[in-house]
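For the record, the sequence lines run as chains A and B.
The working numbering applies: residue 4 is where the first sequence begins, and numbers increase by one.
The working numbering applies: residue 32 is where the second sequence begins, and numbers increase by one.
Accompanying notes for the structure given below.
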Amino acid sequence: MHREVGRPPMNARGRNIRLTAGLLTGAVGLMLGVALYSPSLYRMFCEATGYEGTPKTQNVARSRYTAADAVTVRFDANVNSALPWRFHPAQRSVRVRLGEETLVHYTAVNQSDQPVTGTATFNVIPEKAAPYFSKIECFCFTEQTLAPGQEVSMPVVFYVDPALADDVNARDATTITLSYTFHRAEGGTAQQGSAPRIAVAPTAASGG
Amino acid sequence: MAYGAAAAHGEHHDHHPTGWKRWVYSTNHKDIGTMYIVLSLIAALVGGLMSWYIRLELAEPGLQHITDTQFYNVLVTAHGFIMVFFVVMPAMIGGFGNWFVPLMIGAPDMAFPRMNNISFWLTAAGFVLLMLSAVVGDGPGTGWTVYPPLSSVAFHPGPSVDFGILALHVAGAGSILGAINLIVTIFNMRAPGMTMHRMPLFVWSILVTAFLLVLALPVLAGALTMLLTDRNFGTHFYEVAGGGDPLLWQHLFWFFGHPEVYIIILPAFGIISQIVSTFSKKPVFGYLGMAYAMVAIGVVGFVVWAHHMYTSGITVNSRAYFTVATLIIAVPTGIKIFSWLATMWGGSIEFKVPMMYAIGFIWLFVLGGVTGVVLANAGIDFALHDTYYVVAHFHYVMAIAAIFAMFAAWYYWIGKMAGKQYPEGMAKLQFWVFFIGVNVLFFPQHFLGLAGMPRRIPDYPDVYAGWNMVSSVGAAITAVGTLMFFLVMFYTYRAGRPVSVANPWGEGATTLEWTVPSPAPFHTHEEMPVIAGGAHGHGGHGHGQMRPAE
C-alpha cells in the first residue's frame, strides 16, 4: 500500500526516512550504552569528587604538612549478619594533625568453624569531609579469607588533607568518622574498586 | 499531487482485511490506534480496580480487607506500572497519537506501518507479562520505582520481579519503536505546506514526547538489565557487598523516571491546546511559545531527576542545584497555562464536554503544579518525602490530569473515530461526577501528607482516620464516574447520533482531521492535501485566521 515510497519523486523522502530512523536508532543505542557504562562512570565521579562519602585513595602522601589544626578521627566497624565474624577497630578514635600520616588497625575474628571470605566497604561521615580523607593503605574491597577462629589485624594508613581547613563548607568537620562494613564475599568475583589491594599481615591469634 | 495518481489507489479504499486478520496483522494507523485505546481501557479497569481495593483497605485504620501486606505492596506496584505504562502511554501516544498524527499532518499512514504493528503487540505482551508477575511467587512488592535492595534477591527471591523486569523490557521496546515511528513520520511525511511551525500543537506534543521516549527508555532498559544480572547472574551493580551502590539505581531510574512523567503529561498538553482552541473558536494564543515551551519542558526534564532523591544523602550543593532546576520548570508550564487562558479570553466559548474536561484538566494541573513547586524545595521535601502529600501532588498533576486529557480527547474525537456522537447530557453528568470524585479523593491526601502519613503502608494511626475515610468516599464517587464513562461509551456505540459532516465542531476546529469524512475512512490523505496560507496559516494557530488587528 505504501510502495509509493519507491517512486522517483519519493526517493529523497525515502532516504530521509531511513536517515531519521537510523539516527534515532543510534540515539537509542547511545543512551543504552551510557546507561550500561554508568557503574564505571558513577564510580569515577564518586572518587573524583568524594561524592557519597567516598574517601580518596592515594598511593603517596602529599607533603603539605603545614596546618596546626587537628581533627578527631573516629573508627566504626560493622558486620553484615550473613558473615560470622567479629570485627572492631583496635582504637575508638585518634586525634591527628592535618596532613599527618597515621597508622591504625582493625581486628577481625572468624567465629565460625569453617573458612569464610569477607570483603569490606567503607565510607566517611560527614560526607563533605570525604574528599579530604585520603587512605594510603587499606583493606577496602580486598577479599579476606579467615580460617576458623583466625584473628587478623588489618592496617589502615590515612591522612586528612590540610586543604580541609581552607574549605568553607567543610572546615567545621572537626570529627570525622571512618566506617567499614564487612560483607560475606559471594563467589570471589566481586567487582573490584580501583582501590589498591593490600595484603593483610595476619597476627598471632593472641593479638588484640 | 506528490502522492501520485489517485486512480492507482482507488481500489484500496474499501479493500482491507476483515475478521481477526484485520486487527492482528494490522498496518493501518487507525486500527492500531483503536487497539491501543482498547488495551488502555482494559488496563485502566484493572489498574482502577486495584486502586479502589487499596482505598477500601485505607478507608479505616487497621487491616480489614488486605491482611497480607506483601499483597498490598504488590497492588501498589502493579497499580503504578499499569497506569503509567499500560493506560496513559498506550492511550495518548499509541492511541490518539497513531490516530491523529498522520491525519493532522496530511500523511496517509505512519512511516513504518509494520513496525507500528509490532509496537502495539509488544506493548500488549508487556501487559500480559506484568499481570503474570503479580501471580508468580509473592508478586513484586517493590513499588513502581523498584529500588534495590528491596528488589534484590535478598528481599524478593521469587521470579516475580524478573517477570516484572521482562514486562518493562518488552513494553519499553514497543514504546521505543513506536516513538521512532512517530518522529520519522512527523519529520518526513508532512503534506506540502505543512511546515514544522504550522503543525498542530498536538503533533508538536507527540514529537517532543517521542524524543523523550527515545532518550529516556534505553536508560531504564540498561538499569533493568543490570538489576536482572544482579538478581540472576551474581553481578553486584547495586550490591554494596560487592562494591556496587544501590544509589546508582536511583540515579538511573530517575534519569528515566522524571522524563517519563513528562512523557505522560506532554501529549495531554497537546490535546488540551486543540480543544481549548476549538471551543473558544480562536487560534491558540502564542502558538510558537506553546510549541517551544513543550520543547523546553522536555529538555529541562532531563536535568532535574535528583529532586526525587533529596533524602538519599546527596550533598547540599546538589540539592541546591536540583531545587533551582526543578523550579525553573514552572516557567514553561506557566507559559502554557497562561496561553490556554489567553486563548479562552475573549473567545466565543462553547461548554461542550471536551471543553469541560479541558478546563478541568487546567484546574487539576495548576493545583498539582503548585504543590510541585512546594515539593521542589529540598528543605520542605525532607519533611514531606514519601508522605501522602507527594501522592496527592503527582496524582493531581500527572495521573488524574492525564486521565482528564484522555477523556477530553475521547469526547473530542469520538465522532471522527466512530462516526457516532456521544450523548451530551449523560456525558456532562459523567464529567461532574468524575470531577467531584477525584477532588474529594485526592485533595484530603494533602492534609494527610502534611500530618505525616507515609505512603505505601496499608495501616495507619487513628489520627489519620477522618480524611482517609473522606478520600475513600471520593474513590467511590470516582468509581461511579468511571462506570458512567463506560455507559456513555456503550451508549455512543449502540445508539449514538451519527455524525454526518466532516467537522461537527464548527469554525473552531481547523485541523486537518476535520477535513476527512466522519467516521474517518480506512485510508485517508491518499491525495496529499496542500496547506496554503501565511505564516502559521494552518491548524487554528495561524495569524491568517485571526481577526483583523485593532
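Glycine included, C-beta positions come from ideal geometry on N, C-alpha and C.
This one's a predicted model, so the numbers in the text were calculated from it and none came from an experiment.
Please name the residue or residues paired with residue 27 of chain A in a DSSP beta bridge. Paired residue(s): none; residue 27 of chain A is not in a bridge.
Within chain B, the residues that residue 20 of chain A reaches when beta carbons sit closer than 9 Å: Listed along the chain, the chain B residues whose CB falls inside 9 Å of the CB of residue 20 of chain A are 142, 143, 215, 216, 218, 219 and 220.
Cβ closer than 8 Å: which chain B residues qualify as neighbours of residue 39 of chain A? In chain order: 253, 256 and 257.
With DSSP collapsed to three states, give me the class of residue 18 of chain A. Under the three-state reduction of DSSP, residue 18 of chain A is assigned to helix.
Starting from residue 153 of chain B, find everything on chain A with Cβ-Cβ shorter than 9 Å and list it in chain order. Near residue 153 of chain B there are no residues of chain A at all, since even the closest Cβ is about 14 Å away, more than 9 Å.
Just list the residues that DSSP pairs residue 88 of chain A with in beta bridges. According to DSSP, which records beta bridges pairwise, residue 88 of chain A is partnered with A/113.
Does any residue of chain A have a CB that is nearer than 8 Å to the CB of residue 532 of chain B? Chain A, which has no Cβ nearer than 8 Å to the Cβ of residue 532 of chain B, makes this no.
Using a C-beta cutoff of 8 Å, does residue 87 of chain A count as contacting chain B? Contact of residue 87 of chain A with chain B is not assigned, every C-beta pair being separated by 8 Å or more.
Taking residue 249 of chain B as the query, report the chain A residues whose CB atoms sit under 7 Å from its CB, ordered along the chain. Under the 7 Å cutoff, chain A gives 31, 34, 35 and 38.
Measuring only the C-alpha atoms, how far is residue 16 of chain A from residue 161 of chain B? Rounded to the nearest angstrom, the two C-alpha atoms are 39 Å apart.
Euclidean distance between Cα positions of residue 179 of chain A and residue 196 of chain B: Answer to the nearest angstrom: the Cα atoms are 40 Å apart.
Please compile the residues from chain A whose C-beta is within a distance smaller than 8 Å of the C-beta of residue 207 of chain B. Residues of chain A with a Cβ closer than 8 Å to the Cβ of residue 207 of chain B are, in chain order, 31.
Report the CB separation of residue 324 of chain B from residue 367 of chain B in whole angstroms; it is logged as a contact under 8 Å. Their Cβ separation, rounded to whole angstroms, is 5 Å, which keeps residue 324 of chain B and residue 367 of chain B in contact under 8 Å.
Using only the alpha-carbon positions, how far apart do residue 533 of chain B and residue 545 of chain B sit? Near 5 Å, if we compare the C-alpha coordinates of residue 545 of chain B and residue 533 of chain B.
Counting only beta-carbon atoms, is residue 392 of chain B nearer than 8 Å to chain A? Chain A contact via Cβ: absent.
Closer than 8 Å to chain A by CB, residue 271 of chain B: Residue 271 of chain B counts as touching chain A.
What separation, rounded to the nearest whole angstrom, lies between the Cα atoms of residue 128 of chain B and residue 243 of chain B? When rounded, the distance between both Cα atoms is 15 Å.
Chain A partners of residue 283 of chain B, CB-CB under 7 Å? Within chain A, the residues whose beta carbon sits less than 7 Å from that of residue 283 of chain B are 38 and 41, listed in sequence order.
Is there at least one Cβ from chain B nearer than 8 Å to residue 16 of chain A's Cβ? Judged by the 8 Å Cβ criterion, residue 16 of chain A is in contact with chain B.
Whose C-alpha, out of A/85, A/89 and A/93, is nearest the C-alpha of residue 78 of chain A? Here the closest residue by C-alpha is A/93.
Would you check if the distance between the CB atom of residue 237 of chain B and the CB atom of residue 293 of chain B is smaller than 8 Å? No, these two residues do not count as a Cβ contact at 8 Å.
Out of B/320, B/462 and B/344, state which residue places its alpha-carbon closest to the alpha-carbon of residue 389 of chain B. Closest in alpha carbon position to residue 389 of chain B, among B/320, B/462 and B/344, is B/462.
Using only CA atoms, which one of A/52, A/31 and A/24 lies nearest to residue 345 of chain B? Among A/52, A/31 and A/24, the Cα nearest to that of residue 345 of chain B is on A/52.
Would you list the residues sitting across from residue 126 of chain A in a DSSP beta bridge? Looking at the DSSP output, residue 126 of chain A bridges to A/182.
Go ahead and label residue 52 of chain B buried or exposed: buried means 16 or more other beta carbons lie within 10 angstroms of its beta carbon, across all protein chains shown. The residue is exposed, with fewer than 16 neighbouring Cβ atoms inside 10 Å.
Could you give the C-beta distance for residue 80 of chain A and residue 40 of chain A, rounded to a whole number, given that I count them as a contact under 8 Å? For residue 80 of chain A against residue 40 of chain A, the beta-carbon gap comes to about 33 Å, at or over 8 Å, which does not count as contact.
Tell me whether residue 114 of chain B is buried or exposed, calling it buried when 16 or more other Cβ atoms sit within 10 Å of its Cβ. Classification for residue 114 of chain B: buried.
Take the Cβ of residue 150 of chain B as the centre, count every other Cβ of all protein chains shown within 10 Å, and call the residue buried at 16 or more, exposed below. Result: buried.
Closer than 7 Å between beta carbons: that is the criterion. Which residues of the stretch 544-565 of chain B meet it against chain A? Listed in chain order, the positions of the stretch 544-565 of chain B with a beta carbon within less than 7 Å of a beta carbon of chain A would be empty, since no residue qualifies.
Taking DSSP as the reference, what is the three-state secondary structure of residue 461 of chain B? Helix.
Under 8 Å, Cβ to Cβ, is there at least one residue of chain A near residue 49 of chain B? Cβ-Cβ to chain A under 8 Å: no for residue 49 of chain B.
Does any residue of chain B bring its CB to less than 8 Å from the CB of residue 24 of chain A? Residue 24 of chain A counts as touching chain B.
Pick out the complete alpha helix (DSSP H) segments inside the stretch 109-189 of chain B, 4 residues or longer, and give them in chain order. Correct list: 129-136 and 144-166.
Residue 337 of chain B and residue 216 of chain B: beta carbons closer than 8 Å? Taking 8 Å as the Cβ cut-off, residue 337 of chain B and residue 216 of chain B do not qualify as a contacting pair.
Could you tell me whether the stretch 471-489 of chain B touches the stretch 420-435 of chain B, where touching means 3 or more Cβ pairs closer than 8 Å? Contact between the stretch 471-489 of chain B and the stretch 420-435 of chain B is present, with at least three C-beta pairs closer than 8 Å.
For residue 583 of chain B, name the three-state secondary structure that DSSP assigns. Look at the range of chain B in this structure, 32 to 581, and you will see that residue 583 of chain B is not part of it.
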